[in-house]
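Residue numbers (our numbering), protein chains in the order written: chain F, 17 to 298; chain R, 393 to 755. For every residue, glycine included, the Cβ atom is placed at its ideal position computed from N, Cα and C. Notes follow the structure.
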């Protein structure tokens, strides 16, 4: 919009600034709270500026281990979360790009049938199929393993669908040119399809990483061994630590730490992410 | 460089639509063949069958006496240039050109040599490291040709390669293509819907309609002796005037729809009372009464082209459209009438029902 009206400019900026403050305030509170002792947060008024216990709190969290969270250091929970998020992300992208490739570029019996079967699973949220999936995982002996944490979450109808839609926009002539250039199916996939999907992969990477990182219900069901706890579970356990008072300074510190990896991923890949969402490079 | 032989080639799509039926042609080594016809006539299907991108339902396809029906496109030793270029958008110009050669497993030195030569030929040297997105349409099409040239194939296939370019660039690239063909001496098969492109490029033209071959011949064959009314209409601009009429009882004259009667002074190759059509090219009608055959044109509108003037109108006293190409700048008002004549040897006759050419002793 190229209108030049001072009042409107003021209004739009005011709305934006209020929105930003509104969004940032909880994050700010978490950051501030994590630098105080336990008493400061249980009394009123709660502090709005940093306290003096930042170093103590964070070192205790990262390496010391808390009795409230099962005595496991947050560092190892973060590591578990990272493994889980990365395996889910790479697994989902790999599986869905391959299945979309099969569905778009190969003729085989019941091709559309398979596509619809994948598509229909989109309608079932994780919670609906969680009991049967749990049953399968138990029978395969995958409780309390990284495999149990990640494998059942890898199948992804959404990503398959997105890749399929993207592949359909690639002109047929490109495929034909590649056939004439003696590129077999694997070579075409590797040399042409994959580089062209670069921005789509980046966009999905961000979305799926955050999805994997934020998983709560599934790890809660599948792990009883404390060494496999993820950071999101850790936060939850600290909040429900029985009869003692919640340790808000530690909880907030953990929340701040848990925010860091997704932020890094978004910041590092945002250029590609935006490109992947808007661009049609043809 | 190779010969290409097509024997009773046919294509039926699943679902029963016949795209091409019974095409027979032998293409000589180094020949420039143009497939031309209106859209949907099956010309591209033939090209894609030669390339191996489309399965062959019936018939045989041989390149250099080797049956290639069941070979993959990459194994047929052909190269193809597409209408929308089909360049790999993420690769540089060099990457596009060397991709096929790399897949073939050619040594690096040889690849570099071939690319350098093709780039020189097509004046692409300074663009080798650019991406296709940063090239103009004409440059992209040259890259697509370069990708074909470096492969040094037996047969070059072109699928309407100039259709996406503007008129001026098209003329320029047409000349470049012709020169390229001369220098390479390779076999070219070229598909277009533009009869001017076909006439100016081809050694021989295959003209098609509705999946069937109408005529195969040199451009001048098609122009001077069109095998059917369809060919007569398709080749030449403005198209040939075709007028329907009835053969008179003495078979020496034709009663046109309207008041005109044309005397031929010789026996027509059709029975009395039959419907036939006569064809006269607009450029063969003259503004005098020297020719044996005379007709009158009622002016509708005129197109001033500078070098000549095309007058469109109708045959006087009827609704049949008629056009004439007159030399130089000519002014005419709508409704004027012009007396025209043409030599008897420039009249084509076509059967009224089948549209096939009727040969007669008119020379």
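Can you pull the chain R residues whose beta carbon is under 9 Å from the beta carbon of residue i, in chain order?
i, result
"residue 199 of chain F", "466, 491, 492, 495"
"residue 212 of chain F", "480, 481, 482"
"residue 192 of chain F", "440, 443, 445, 465, 472, 474, 478"
Could you tell me which chain F residues have their CB closer than 7 Å to the CB of residue i, listed as they occur along the chain?
i, result
"residue 443 of chain R", "196"
"residue 578 of chain R", "Residues of chain F passing the Cβ test: none, with the nearest at roughly 16 Å."
"residue 507 of chain R", "Those do not exist, as residue 507 of chain R stays about 14 Å from chain F at its closest Cβ, beyond 7 Å."
Please list the partners that residue i has in chain R, where partner means a Cβ-to-Cβ separation under 7 Å.
i, result
"residue 208 of chain F", "480"
"residue 184 of chain F", "Those do not exist, as residue 184 of chain F stays about 16 Å from chain R at its closest Cβ, beyond 7 Å."
"residue 288 of chain F", "Here the premise fails: no neighbours, minimum Cβ distance about 14 Å."
In three-state DSSP terms, what is residue i?
i, result
"residue 186 of chain F", "coil"
"residue 287 of chain F", "helix"
"residue 88 of chain F", "coil"
"residue 740 of chain R", "strand"
"residue 712 of chain R", "coil"
"residue 40 of chain F", "helix"
"residue 486 of chain R", "helix"
"residue 232 of chain F", "coil"
"residue 380 of chain R", "One cannot answer for residue 380 of chain R here, as it falls past the ends of chain R, which runs 393 to 755."
"residue 20 of chain F", "coil"
"residue 207 of chain F", "helix"
"residue 600 of chain R", "strand"
"residue 775 of chain R", "Given a span of 393 to 755 for chain R in the structure shown, any question on residue 775 of chain R remains unanswerable."
"residue 131 of chain F", "helix"
"residue 755 of chain R", "Any reading at residue 755 of chain R needs caution, since the residue's pLDDT is 49, under 50, leaving its predicted position unreliable; the model's value is listed next. It is coil, neither helix nor strand."
"residue 728 of chain R", "coil"
"residue 608 of chain R", "strand"
"residue 74 of chain F", "helix"
"residue 227 of chain F", "helix"
"residue 45 of chain F", "helix"
"residue 546 of chain R", "coil"
"residue 683 of chain R", "coil"
"residue 749 of chain R", "strand"
"residue 459 of chain R", "strand"
"residue 139 of chain F", "coil"
"residue 659 of chain R", "coil"
Could you tell me if residue i is buried or exposed, where buried requires 16 or more neighbouring beta carbons within 10 angstroms of its beta carbon?
i, result
"residue 75 of chain F", "exposed"
"residue 551 of chain R", "buried"
"residue 50 of chain F", "buried"
"residue 675 of chain R", "buried"
"residue 112 of chain F", "buried"
"residue 199 of chain F", "buried"
"residue 71 of chain F", "exposed"
"residue 455 of chain R", "buried"
"residue 42 of chain F", "exposed"
"residue 229 of chain F", "buried"
"residue 32 of chain F", "exposed"
"residue 25 of chain F", "exposed"
"residue 272 of chain F", "buried"
"residue 197 of chain F", "buried"
"residue 73 of chain F", "buried"
Looking at residue i: is its Cβ nearer than 7 Å to the Cβ of residue j?
i, j, result
"residue 172 of chain F", "residue 108 of chain F", "yes"
"residue 600 of chain R", "residue 435 of chain R", "yes"
"residue 603 of chain R", "residue 443 of chain R", "no"
"residue 493 of chain R", "residue 465 of chain R", "no"
"residue 605 of chain R", "residue 579 of chain R", "no"
"residue 488 of chain R", "residue 479 of chain R", "yes"
"residue 452 of chain R", "residue 459 of chain R", "yes"
"residue 714 of chain R", "residue 706 of chain R", "yes"
"residue 506 of chain R", "residue 542 of chain R", "yes"
"residue 732 of chain R", "residue 677 of chain R", "yes"
"residue 46 of chain F", "residue 268 of chain F", "yes"
Which residues in chain F sit within 8 Å of residue i, going by Cβ to Cβ distance?
i, result
"residue 556 of chain R", "Result: empty, since nearest Cβ-Cβ is about 12 Å, beyond 8 Å."
Can you name the residues of chain R whose CB is closer than 8 Å to the CB of residue i?
i, result
"residue 203 of chain F", "495"
"residue 304 of chain F", "Only positions 17 to 298 of chain F appear in this structure, which leaves residue 304 of chain F out of reach."
"residue 72 of chain F", "Within chain R, no residue comes near residue 72 of chain F; the closest Cβ sits about 51 Å away, beyond 8 Å."
May I ask whether a heavy atom of the ligand MG can be found less than 6 Å away from the beta carbon of residue i?
i, result
"residue 101 of chain F", "Because no ligand of any kind appears in the structure shown, any question about the ligand MG cannot be addressed here."
Is the shortest distance between the beta-carbon of residue i and the beta-carbons of chain B less than 7 Å?
i, result
"residue 160 of chain F", "Of the chains in the structure shown, none is chain B; the protein chains are F and R."
- Task: Can you give me, in chain order, the residues of the segment 446 to 477 of chain R that have a beta carbon less than 9 Å from any beta carbon in chain F?
- Result: So the list reads 464, 465, 466, 467, 468, 470, 471, 472, 474, 475, 476, 477, given in the order they occur along the chain.
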